[in-house]
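Numbering (the UniProt record's numbering), first residue to last: 1 to 269.
Put into structure tokens, the structure is as follows:
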């Protein structure tokens with residue numbers, strides 16, 4: 001019985017392979033690598049498929065080959081013209097609190113004077129309490145061709161300064177330039193009303209509160225969403241806290257920054 005079962009299975013496998021055929025499918029508008037994942041989902045484990053340039057080399061049963069041809073008729077179409085919109089936002093909040101005494105204090109035989117000193121022989125206290133809230137948005141748009149890369153980039157070269165002690169104890173100062181760029185590299189592909197996006201972005205900014213420091217933000221992602229709708233790509237948050245204390249004074253400062261990015265793809269055809 002065991003030998004007979006193995007023989008039946010062997011005959012069935014031979015019959016399946018006999019029904020498979022090898023076919024080279026020429027694509028007119030798309031590259032084979034672009035359509036390979038969807039083609040593989042149709043063929044499954046019943047055959048093999050390879051991409052070469054604008055050709056798909058398929059070895060599969062006739063039924064799967066027929067399904068694949070129908071799918072390619074829908075996908076192998078002229079690439080569409082697209083309008084890509086990129087919205088970058090930044091929100092910054094800050095808070096400063098503390099106090100400072102304008103006056104003097106005795107410590108034994110020593111008198112310490114702080115701030116602006118006493119006024120008419122009297123000490124005075126200044127209370128510091130300040131908060132800030134800033135928001136900004138940048139909208140960039142570019143026309144692109146479906147399946148081809150599009151690049152939006154702006155920037156500038158900013159001077160940065162450094163100093164070091166030389167071999168003879170001399171102080172050497174140097175100025176060099178660093179490119180600060182803000183840009184997006186994106187490729188969009190459409191399947192029905194769904195858009196598939198491959199994106200790389202850079203968002204460098206000069207930190208005005210810390211000279212010589214450049215804030216760097218990078219984002220690499222692949223996302224999908226509906227045509228004509230905003231797609232959230234990500235956000236980054238940063239918090240800083242500093243505290244200073246001294247004789248007759250105290251000061252604390254906190255800042256929070258949040259950056260966000262979203263993208264929308266629309267067809268122009």
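Beta carbons: idealized from backbone N, C-alpha and C, even for Gly. Computed from a predicted model, the values in this text were never measured in an experiment.
**Request:** Note down, in chain order, each residue of its chain lying with its Cβ closer than 8 Å to the Cβ of residue 234, except the 5 sequence neighbours on either side.
**Result:** 219, 221, 260 and 261
**Item:** Sheet register partners of residue 154 (DSSP bridge)
**Value:** 182
**Prompt:** On the three-state DSSP scale, how would you describe residue 264?
**Reply:** Strand.
**Request:** Take residue 81 and list the residues in its own chain whose beta-carbon comes closer than 8 Å to its own, dropping the five residues that flank it on each side.
**Result:** 143, 144, 145, 146, 267, 268 and 269
**Message:** Once the 5 residues before and after residue 270 are set aside, which same chain residues still bring their CB inside 7 Å of it?
**Reply:** This structure gives no information on residue 270, because the portion of the chain shown stretches from 1 to 269.
**Prompt:** For residue 257, which residues from the same chain have a beta carbon less than 6 Å from its beta carbon, with the 5 sequence-adjacent residues on both sides left out?
**Reply:** 92 and 238
**Request:** Less than 8 Å between the CB atoms is what I'm expecting for residue 265 and residue 84, so what's the real figure, rounded?
**Result:** 6 Å
**Item:** Three CB pairs or more closer than 8 Å across the region 52-66 and the region 190-210
**Value:** no
**Item:** Nearest-angstrom Cα separation, counted from residue 254 out to residue 229
**Value:** Here the alpha carbons of residue 254 and residue 229 stand approximately 36 Å from one another.
**Asked** Alpha carbon to alpha carbon, what distance is there between residue 195 and residue 14?
**Response** Residue confidence is low: residue 14 scores 45 on pLDDT, short of 50, so the model does not pin down where it sits. No coordinate-derived value is stated.
**Message:** Using a Cβ-Cβ cutoff of less than 8 Å, which residues in the same chain neighbour residue 34 once the five nearest sequence positions on both sides are dropped?
**Reply:** 147 and 189
**Prompt:** What residue ranges within the region 204-242 form continuous alpha helix (DSSP H) runs of no fewer than 4 residues, ordered along the chain?
**Reply:** none
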